[in-house]
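First residue of the sequence shown? That's 183 in this note's numbering, and the numbers climb one at a time after it. Built from N, CA and C at the ideal position, the CB exists for glycine as well. No experiment lies behind these values; they were computed from the predicted model shown. Only one structure is covered here, and it is reproduced in the block below.
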Amino acid sequence: MEGRYELIEHVCSLLADEAGTLRKEAPYRVALCYPSPYHVGMSSLGYQAIYREVHEHAGATAERVFLPDDVETYKRTRTPLFTWESQAPVSGFAMLAFSVAYELELTGLFTMLELSGLPVLAAERNARHPLIVAGGPLTFSNPDPLEPFVDVLVQGEAEDLIHVLLDAAASMDREALLDHLARIPGFRVPGRGGARYHVAKATDARLPARTQIITPHTELRSMFLIEPERGCSRGCHYCVMRRTTNGGMRTVPPERILSLIPEHARRVGLVGAAVTDHPRIVELLRTLVDAGREVGVSSLRADRLTQELVDQLRRGGATNLTVAADGASQKMRDLVDRKHSEEQIVRAARFARTAGMKQLKVYNVVGLPHEDDADIDELIRFTTELSRILPVALGVAPFVAKRNTPLDGAPFAGVREVENKLERLRKGLRGRAEVRPTSARWAWVEYMLAQCGPEAGLAAMDAWRAGGSFAAWKRAFQERECVPYLARRVEDGRRQPTVWPIVPGQAPQASAV
């Protein structure tokens with residue numbers, strides 16, 4: 183792209199391919215910001231749900247903004263960041279509301295504020311600037327690194343809180359608004375108190391979250407997303423959405439799900455933390471497929487799969503079956519309370535083969551406390567066994583401890599150690615299965631942001647300003663004296679709970695290598 187005109191033309195061309203875009207005149211204008219590019223943001227069910235909720239508020243309207251794919255063109259042409267619906271400068275809106283999914287999206291937030299001409303640090307802004315608000319999935323675990331940059335944090339499920347926020351913001355001056363919100367559970371106002379780590383729960387009437395805008399330009403091309411359930415009834419130790427978060431799993435009847443899917447939606451994605459735990463999931467799948475729709479399901483649990491369920495997925499267009507093992511060995515799966523066995527995963531592979539699927543994708547984690555080479559060798563042996571049933575793609579992520587889980591405060595295994603484990607896997611599975619690892623270095627950066635406080639957010643800003651290399655992150659964490667700490671480890675909940683190690687008192691560099 184060459185200039186400002188081309189930037190606007192690009193946005194207009196994507197808008198032209200959308201179905202369901204909302205436009206409304208209202209006195210209070212919200213720029214709904216997603217700190218990753220359009221194709222990622224438009225795949226976010228939570229982002230789309232809040233877009234709809236703002237439009238349903240009588241006095242407010244929302245326009246979308248995304249991290250540009252071509253940041254340098256914006257800078258070179260001095261083009262202010264603008265909204266999609268009207269191409270209006272973001273800095274002219276009353277509120278910028280960011281949905282932050284995970285730790286590494288912090289730098290996208292910085293870039294969007296910079297391109298809008300707004301100071302990145304909250305301390306450098308005043309009443310003349312828009313109100314900067316942040317919510318999203320990150321607030322379920324550790325929103326602390328966001329504190330130096332935002333005026334208000336919305337913690338947890340925001341479908342109800344967004345209306346409370348808009349009512350107050352439209353009727354109060356800035357100082358009164360911040361004092362008011364600090365007294366309401368679910369809002370955190372840095373420097374003014376408010377309940378820290380409160381995870382708000384939306385009323386059941388707001389469920390289910392669902393797609394508002396369908397577009398072919400997303401990670402999930404032209405797919406209508408809807409949640410048949412929210413939350414989870416399981417107790418996996420590493421997971422922020424375990425049963426103790428917001429009261430476990432809430433299901434939505436298939437009849438309501440079906441009534442909310444628009445007639446023109448030919449591809450439907452069922453999304454949630456534990457979709458296959460829904461007691462009527464097979465019935466829902468069968469109804470959708472019988473209507474001629476393609477169907478995808480997130481979070482397949484191996485212990486819940488049946489031949490009929492997998493057959494319905496195949497009829498709905500699936501060519502691969504994806505399950506999560508989340509433990510290199512049975513010992514590790516048992517330790518983290520992951521409720522399935524090798525036998526159940528093998529059975530899932532056989533279901534997929536019988537249904538005529540082409541590949542089994544298995545997600546796993548390495549670097550858990552108490553894991554050793556024997557566990558990695560067991561993963562090699564077991565993956566080899568699976569590959570004799572169906573070709574296997576093994577996705578491997580380094581373990582990152584999250585707040586508000588039994589593993590909160592557990593140490594990071596170390597970049598070198600994780601890389602050695604990944605290399606052991608590659609060698610052991612060469613020619614037998616495809617290994618798709620995520621970066622050990624960036625997992626450590628994520629770990630530091632997940633396990634430290636506001637100072638880690640300032641380190642992220644320093645690293646971003648220094649170019650964003652791994653070396654810049656290491657230096658920034660050290661200079662800001664970021665040390666992981668045990669915050670709020672929740673109970674295991676079992677009769678014989680697992681005793682996990684905690685982070686020792688150490689400099690951050692010691693945990694990086």
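Item                                                                                                                                                                         : Value
If I measure Cβ to Cβ from Thr-259 and keep anything under 8 Å in the same chain, skipping five residues before and after, which residues do I get?                          : Gly-185, Arg-186 and Leu-189
Report buried or exposed for Pro-444, applying the criterion of at least 16 other Cβ atoms within 10 angstroms of its Cβ.                                                    : exposed
To the nearest angstrom, report how far apart Ser-569 and Val-544 are at their CA atoms.                                                                                     : 11 Å
What are the residues that DSSP puts in a beta bridge with Cys-215?                                                                                                          : Val-247 and Phe-280
Do the CB positions of Gly-498 and Asn-546 come within less than 9 Å of each other?                                                                                          : no
Pop quiz: Arg-438 and Ala-456 are said to be a contact at Cβ under 8 Å. What is the actual Cβ separation, rounded to whole angstroms?                                        : With 8 Å as the limit, Arg-438 and Ala-456 do not qualify as a contact, their Cβ atoms being about 18 Å apart.
Going by DSSP, which residues form a beta bridge with Leu-611?                                                                                                               : Leu-611 is not bridged to any residue.
Could you tell me which residues DSSP puts in a beta bridge with Glu-616?                                                                                                    : Ala-575
Hey, would you say Arg-618 sits closer than 9 Å to Val-578, going by beta carbons?                                                                                           : yes
Roughly how far, in whole angstroms, is the beta-carbon of Ser-415 from the beta-carbon of Arg-425, given that I think they are within contact range, below 8 Å?             : 5 Å
Return the first residue and the last residue of the beta strand (DSSP E) that Ala-506 is part of.                                                                           : 502-506
Rounded to the nearest angstrom, what separates Met-405 and Glu-357 at their Cα positions?                                                                                   : 42 Å
In three-state terms, what does DSSP make of Asn-428?                                                                                                                        : coil
Per the DSSP calculation, Ala-201 is bridged to which residue(s)?                                                                                                            : Ile-396
Within its chain, find whatever has a CB closer than 6 Å to the CB of Leu-491; leave out the 5 residues flanking it on each side and keep chain order.                       : Val-464
How far does the beta strand (DSSP E) with Ile-746 in it extend, from its first residue to its last?                                                                         : Absent from the structure is residue 746, since the part of the chain shown begins at 183 and ends at 695.
Answer yes or no: do Ala-240 and Ala-208 have a C-beta to C-beta separation smaller than 9 Å?                                                                                : yes
Does the Cβ-Cβ distance between Phe-322 and Thr-427 come in under 9 Å?                                                                                                       : yes
Which full runs of the beta strand (DSSP E) of 3+ residues lie inside the stretch 500-556, going along the chain?                                                            : 502-506 and 541-548
If Ala-632 and Thr-565 are in contact, beta carbons under 8 Å, what's the gap, nearest whole angstrom?                                                                       : Their Cβ separation, rounded to whole angstroms, is 28 Å, which puts Ala-632 and Thr-565 out of contact at 8 Å.
Apart from the five residues just before and just after Ala-689, which ones in its own chain have a Cβ nearer than 6 Å to its Cβ?                                            : With a pLDDT of 39 at Ala-689, under the threshold of 50, the modelled position of that residue is not reliable, and the figure given next carries that caveat. No residues qualify anywhere along the chain.
Quick check on DSSP: helix, strand or coil for Ile-408?                                                                                                                      : strand
Using DSSP with H/G/I as helix, E/B as strand and the rest coil, what is Phe-292?                                                                                            : helix
Does the structure place the stretch 291-301 close enough to the stretch 244-252 that three or more beta carbon pairs sit under 8 Å?                                         : yes
Give the secondary structure of Ala-689 by DSSP, where H, G and I count as helix, E and B as strand, and everything else as coil.                                            : Because the pLDDT of Ala-689 is 39, which lies under 50, any placement of that residue in the model is unreliable, and the number read from its coordinates should be weighed accordingly. Coil at Ala-689, not helix or strand.
Within 8 Å, do at least three Cβ pairs link the stretch 379-388 to the stretch 322-342?                                                                                      : yes
Beta-carbon separation of Cys-634 and Phe-652 under 9 Å?                                                                                                                     : no
For Thr-144, tell me which candidate among Glu-553, Val-505, Met-224 and Val-479 has the shortest Cα-Cα distance.                                                            : Because the chain here runs from 183 to 695, residue 144 falls outside it and cannot be looked at.
I need the boundaries of the beta strand (DSSP E) containing Arg-449, first residue and last residue.                                                                        : 449-452
Since I believe Asp-459 is in contact with Glu-696 (beta carbons under 8 Å), could you give me their beta-carbon distance rounded to a whole number of angstroms?            : Outside the shown range of the chain (183 to 695) lies residue 696, about which nothing can therefore be said.
Kindly give me the distance between the Cβ atoms of Leu-611 and Leu-576, rounded to whole angstroms, as I take these residues to be in contact under 8 Å.                    : 7 Å
Quick check: what's the CA-CA separation for Ala-276 versus Val-334?                                                                                                         : 14 Å
Drop a sphere of 10 angstroms on the beta-carbon of Glu-329, count the other beta-carbons inside from all chains shown, and report buried for 16 or more, exposed for fewer. : buried
Could you name the residues that DSSP lists as bridge partners for Tyr-229?                                                                                                  : Answer by DSSP bridge pairing: none, since Tyr-229 is not bridged.
Is it buried or exposed for Arg-520, if we count other Cβ within 10 angstroms and need 16 for buried?                                                                        : buried
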